[in-house]
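Asker: Note that the UniProt record's numbering has the sequence shown beginning at 1, numbered continuously upward. Where a beta carbon is used, it is the ideal one built from N, C-alpha and C, also for glycine.
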Amino acid sequence: MGTMTQTSESQHRPRSLSGIQATSDSLHLGNYIGALQQFVEQQETHDAFFFIANMHAITVEQDPVELRERTLRTAAQFIASGLDPEKSTIFIQSHVPQTTQLGWVLECTASLGEAQRMTQFKDKAAKNEHISLGLLTYPALMAADILLYQANVVPVGEDQRQHLELTRNLAGRFNQRYGQTFTVPEPGILKQTAKIYDLQDPGAKMSKSAANPAGRIDVLDEPKALTKKFKSAVTDNDTVIAYDPETKPGVSNLLTIYSSFSGEPIESIVAQFEGKMYGHLKVALAELAVESLTPVRERTHELLDDPAELERILHAGADRAEAIARRTIEDVYARVGFLSR
Ligand code: TRP
1 MGTMTQTSES QHRPRSLSGI QATSDSLHLG NYIGALQQFV EQQETHDAFF
51 FIANMHAITV EQDPVELRER TLRTAAQFIA SGLDPEKSTI FIQSHVPQTT
101 QLGWVLECTA SLGEAQRMTQ FKDKAAKNEH ISLGLLTYPA LMAADILLYQ
151 ANVVPVGEDQ RQHLELTRNL AGRFNQRYGQ TFTVPEPGIL KQTAKIYDLQ
201 DPGAKMSKSA ANPAGRIDVL DEPKALTKKF KSAVTDNDTV IAYDPETKPG
251 VSNLLTIYSS FSGEPIESIV AQFEGKMYGH LKVALAELAV ESLTPVRERT
301 HELLDDPAEL ERILHAGADR AEAIARRTIE DVYARVGFLS R
């Protein structure tokens, strides 16, 4: 179908690749604005690859039924948010077996010290009672995700910068030792302006593990829940609607969200609300959020109600991804001295 066009048109574009873990029922607004909307833009300019990282998910304990469900839900939300399977290659990480094949080679390329220095490993190791070996080797698997497809740019949040640095080092080290094999990817750190904070605790990033769920907006929230959460958002002590993340983090966060939904610059939103109260902003923002997210929620449920269509898309994505992965792994295996079968 779209496959021919996709390959011929996008071949000379830089390749962009990113993944999101399948660890929640709904993406939150931070994922949606901070990542997905930028992925959607990239599919117009890049040869785009986006996948659901279900293999990284099991570095900490997951319920199998839940993991399966969440993998599909995440894929459905990718598509409902505007990722077009005709333009982007959308797939599930575990559908490409070369991921672990390359992962192993890169585990043997990285050092123990490098892995132990990762701040995400240290944080998660401190939080979990059972520290799986996979939690330690996580960045080698992530490097495999990236290098397998010879990605030029990897759009991720600031929290993944260190993993990307390690990926670049591993690519360089391998190339040095065995000859030019991997593209060394550029970090495409996602726009800071799109950083979304917790509505109840605007000092903290919006996240799935927030202490108070009222602080998190989920893409799949029903209109009533959305409205309630925006109306009860924590604001600041004075009453002036102005953008100043330092002294007015609550209101500034609402303005950032408003701007992401409406596409207007923050200054013009501030001008519109001059002399008005926080309540006005919250109500207007709630309406805007309902208007923007309702089609995404409805499309997600439509896709989940017809898993055959979703599975067809993911199957086609895995085929495209694997075709590239196979070429890379053949080259890698030959270079490290593995005999061919
Ligand atoms: N570690 C990333 C995260 O938690 C997810 C991820 C896995 C990823 N593999 C990747 C992101 C490859 C970019 C590229 O956000």
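Report the three-state DSSP secondary structure of A151 (helix, strand or coil).
Answerer: Here residue 151 refers to the residue found at position 151 of the sequence shown. If DSSP states are grouped into helix, strand and coil, A151 belongs with coil.
Asker: Which whole-angstrom value is the C-beta distance of F51 and L83, which I expect to be below 8 Å?
Answerer: For the purposes of this step, residue 51 is identified with residue 51 of the sequence shown, where counting begins at 1. For the purposes of this step, residue 83 is identified with residue 83 of the sequence shown, where counting begins at 1. The pair is not a contact, with the Cβ atoms about 11 Å apart (cut-off 8 Å).
Asker: The ligand TRP heavy atoms versus the CB of G19: any closer than 7 Å?
Answerer: On the sequence shown, position 19 is the one that residue 19 refers to. The answer is yes for G19.
Asker: Determine the direct distance from the alpha carbon of D25 to that of E69, and round the result to whole angstroms.
Answerer: In the sequence shown, counting from the first residue as 1, residue 69 sits at position 69. In the sequence shown, counting from the first residue as 1, residue 25 sits at position 25. Distance between the alpha carbons of E69 and D25 is about 8 Å.
Asker: What first and last residue would you give for the beta strand (DSSP E) that runs through S260?
Answerer: Here residue 260 corresponds to residue number 260 of the sequence shown, with the count starting at 1. S260 -> not in any beta strand (DSSP E); alpha helix (DSSP H) instead, spanning 249-262.
Asker: Report the rounded CA-to-CA distance for N54 versus V240, giving the unit in angstroms.
Answerer: Residue numbering aside, residue 54 sits at position 54 when the sequence shown is read from its first letter. Residue numbering aside, residue 240 sits at position 240 when the sequence shown is read from its first letter. Answer to the nearest angstrom: the Cα atoms are 44 Å apart.
Asker: Find the nearest neighbour of I257 within the set T23, A316, A22, I33, judged by alpha-carbon distance.
Answerer: For the purposes of this step, residue 257 is taken as residue 257 along the sequence shown, with counting starting at 1. Nearest C-alpha to I257: I33.
Asker: What I want to know is whether the C-beta of I146 ends up closer than 7 Å to one or more non-hydrogen atoms of the ligand TRP.
Answerer: Start at 1 with the first residue of the sequence shown, and residue 146 comes out as number 146. Checking every heavy atom of the ligand TRP against the Cβ of I146, one is found closer than 7 Å.
Asker: Any idea if E107 is buried or exposed, counting beta-carbon neighbours within 10 angstroms, 16 or more meaning buried?
Answerer: Your numbering for residue 107 matches position 107 in the sequence shown. E107 should be labelled buried.
Asker: Relative to the ligand TRP, is the shortest distance from any of its heavy atoms to the C-beta of H301 smaller than 7 Å?
Answerer: Taking the first residue of the sequence shown as position 1, residue 301 is located at position 301. No, the ligand TRP has no heavy atom inside 7 Å of this Cβ.
Asker: So residue 346 and R216 are supposed to be a Cβ contact under 8 Å. How far apart are they, rounded?
Answerer: Residue 346 cannot be examined here, being either before or after the span of the chain that is shown, 1 to 341.
Asker: Are R297 and T89 touching if we call contact CB-CB under 8 Å?
Answerer: Position 297 of the sequence shown, counted from the first residue, corresponds to residue 297. Position 89 of the sequence shown, counted from the first residue, corresponds to residue 89. No.
Asker: Are at least three pairs of beta-carbons, each pair with one atom in the region 175-189 and one in the region 139-154, less than 8 Å apart?
Answerer: Contact holds: three or more Cβ-Cβ distances are below 8 Å.
Asker: In its own chain, which residues sit with a C-beta less than 7 Å from the C-beta of S81, not counting the 5 before and 5 after it?
Answerer: In the sequence shown, counting from the first residue as 1, residue 81 sits at position 81. These residues qualify, in order along the chain: Y32, L36, V40, V296.
Asker: Tell me the DSSP bridge mates of Q21?
Answerer: Counting from 1 along the sequence shown, the entry for residue 21 is found at position 21. According to DSSP, Q21 bridges with A53.
Asker: With respect to 7 Å, is the separation between the Cβ of Q160 and the closest non-hydrogen atom of the ligand TRP below this value?
Answerer: If you number the sequence shown from 1, residue 160 lands on position 160. It does: the Cβ of Q160 is within 7 Å (strictly closer) of some heavy atom of the ligand TRP.
Asker: Can A210 and D221 be called in contact, C-beta distance under 8 Å?
Answerer: In the sequence shown, residue 210 corresponds to position 210, counting from 1. In the sequence shown, residue 221 corresponds to position 221, counting from 1. No; because the gap between Cβ atoms is not below 8 Å, this pair is not in contact.
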